[in-house]
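A quick write-up on the structure given underneath.
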Amino acid sequence: MLTSDLLIRAVELLRRGGVIALPTETVYGLAANAEDELAVRRVFAIKGRPATHPLIVHVAEAQALSSWARHVPEDAWRLAEAFWPGPLTLVLPRSPRATDAVTGGQDTVALRVPHHPLARAVLEALGGGVAAPSANRFGRVSPTTAEHVRADLGADVDLVLDGGPCTVGVESTIVDLSQGEPAVLRPGGLAVEELSRVLGRPVPVRVSSTVRVSGSLASHYAPRAGVVLAEPSEAAARVESLRARGQRVGVLGPPGLALPPGIPRYDVPEEPSAAARVLYTRLREADEQGHDVLVACLPRAEGLGLAVRDRLNRAAAPRTPGE
Ligand code: TXA
Ligand code: MG
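Residue numbering for the sequence shown follows this note's numbering, starting at 1 and increasing by one per position.
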């Protein structure tokens with residue numbers, strides 16, 4: 001089918017209450033018309049996500065902020081101007097257009113203008129907002145290819161739009177602008193240093209598991225294997241002690257990392273944005289090999305390294321039943 005036919009079909013499905021997988025530059029989203037309550041409920045059902053966890057509304061352009069938010073502070077316009085379309089989500093006081101189904105009953109709404117050409121084309125043709133969480137089952141690794149989506153959600157979605165591998169590879173950076181001073185709720189595909197540069201002051205990172213941000217639950221983004229974190233210099237020792245205990249071990253780490261013979265390594269480069277781009281794919285590849293434990297090397301805590309460390313920390317967190 002021609003891309004333009006697929007686009008028309010995608011938009012028709014969204015207009016008729018369908019749920020489709022939509023590529024963005026960060027991860028693939030599970031998309032529904034944000035103003036169709038039944039369609040939004042289906043997204044929650046497919047994902048297996050609690051209905052109180054709010055979704056991001058994706059829009060075609062920054063101007064739409066005025067219709068989805070009842071107040072747009074100057075800082076929001078500045079960030080939108082600098083980084084949209086792109087991997088940034090802004091949390092603002094909601095207008096009546098953002099329903100309880102999307103916001104989980106909160107008084108705020110999360111908004112983003114994605115950069116991926118297919119996402120933009122769909123949003124422009126639809127002319128409204130698309131509510132889309134990452135297109136994975138709740139608590140699991142986010143999809144960065146159409147293949148990942150098909151493997152996870154298969155027949156549950158009405159259409160999977162294939163836009164190739166995601167170029168950023170981790171979810172958007174979420175900035176809360178609803179409480180006065182901006183704060184980062186989830187480090188992601190836009191470096192926090194960039195936010196601070198544009199606003200001319202440091203933007204604090206306030207990740208807390210008390211807000212209803214699924215990505216901020218202690219255990220999230222988790223593969224089936226256990227995950228153990230290590231600085232690159234201590235990875236080999238970690239592997240030895242796990243192997244001595246009879247564990248089948250794999251390693252996520254940079255090329256050139258010295259490892260005991262026979263231990264598979266899944267290449268996650270040292271450079272933070274390169275690491276972000278491949279992180280979820282490597283987690284999935286490693287998981288397919290049936291390891292008991294993955295030893296994951298942490299990138300440095302700068303740029304997108306903050307997001308990679310955050311996701312690895314959550315993948316390594318103790319798991320609660322059902323996740
Ligand atoms: O890059 C992304 O952000 C991807 C792509 C598809 O756009 N989407 C994504 O959605 O990661 P999701 O639902 O997996 O994560 C969005 C996060 C959730 O943790 C949700 O709780 C939080 O955004 N969120 C949504 N609305 C919020 C609000 N009003 N206040 C605080 N957090 C909110
Ligand atoms: Mg998610």
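For glycine and all other residues, C-beta sits at the position ideal for the given N, C-alpha and C.
This one's a predicted model, so the numbers in the text were calculated from it and none came from an experiment.
Query	Result
Quick check: what's the CA-CA separation for Ala110 versus Leu279?	25 Å
Write down the C-beta distance between Asp158 and Val19 rounded to the nearest angstrom, noting that I regard them as a contact closer than 8 Å.	6 Å
Closer than 8 Å by C-beta to Pro321: which residues in its own chain qualify, once you throw out the five before and the five after it? Chain order, please.	Residue confidence for Pro321 is low, a pLDDT of 47 falling below 50, so the modelled location carries little weight; the figure read from the coordinates is stated next. Correct list: empty, nothing qualifies.
Straight-line CA distance for Arg265 to His148?	21 Å
Taking the alpha carbon of Leu90 as the reference point, which residue from Asp152, Asn33, Leu190 has its own alpha carbon closest?	Leu190
Any chance the segment 190–201 sits against the segment 99–114, with 3 or more Cβ pairs inside 8 Å?	no
Check whether the Cβ of Ser134 sits closer than 7 Å to any heavy atom of the ligand MG, and report yes or no.	yes
Would you mind sorting Ser172 into buried or exposed? The rule is 16 or more other CB atoms within 10 Å of its CB.	buried
Taking only three categories from DSSP, how would you classify Val211?	Any reading at Val211 is ruled out, since the residue's pLDDT is 44, under 50, leaving its predicted position unreliable.
Taking 7 Å as the cut-off, is the CB of Ser172 close to at least one heavy atom of the ligand MG?	no
Would you check if the distance between the CB atom of Gly256 and the CB atom of Ala235 is smaller than 8 Å?	no
Could you check the C-alpha separation between Ser40 and His58 for me, to the nearest Å?	According to the sequence shown, residue 40 is Val rather than Ser. Each residue's alpha carbon lies about 13 Å from the other.
According to the Cβ coordinates, are Ala132 and Ala31 closer than 8 Å?	yes
For Leu38, is the classification buried or exposed, using 16 other Cβ atoms within 10 angstroms of its Cβ as the cut-off for buried?	exposed
Out of Val175, Gly226, Ser66, which has the shortest C-alpha to C-alpha gap to Pro87?	Val175
Would you grab the beta carbon distance between Ala121 and Leu7 for me? Rounded to a whole angstrom, and I think it's under 8 Å.	6 Å
Go to Ser115, then tell me how far its alpha helix (DSSP H) extends in each direction, as first and last residue.	The sequence shown places His at residue 115, not Ser. Looking at the DSSP string, His115 is not in any alpha helix (DSSP H), and its letter there is neither H nor E.
How should Glu12 be labelled, buried or exposed, when 16 other C-beta atoms within 10 angstroms of its C-beta is the threshold for buried?	exposed
Along the alpha helix (DSSP H) that carries Leu90, what are the first and last residues, could you check?	Here Leu90 belongs to no alpha helix (DSSP H); instead the beta strand (DSSP E) covers 88–93.
Run the CB neighbour count on Ser273, radius 10 Å, all protein chains shown included, and call it buried at 16 or more, exposed below.	buried
If you scan the segment 121–203 from start to end, which runs of the beta strand (DSSP E) of 3 or more residues do you find wholly inside it?	173–176, 183–186
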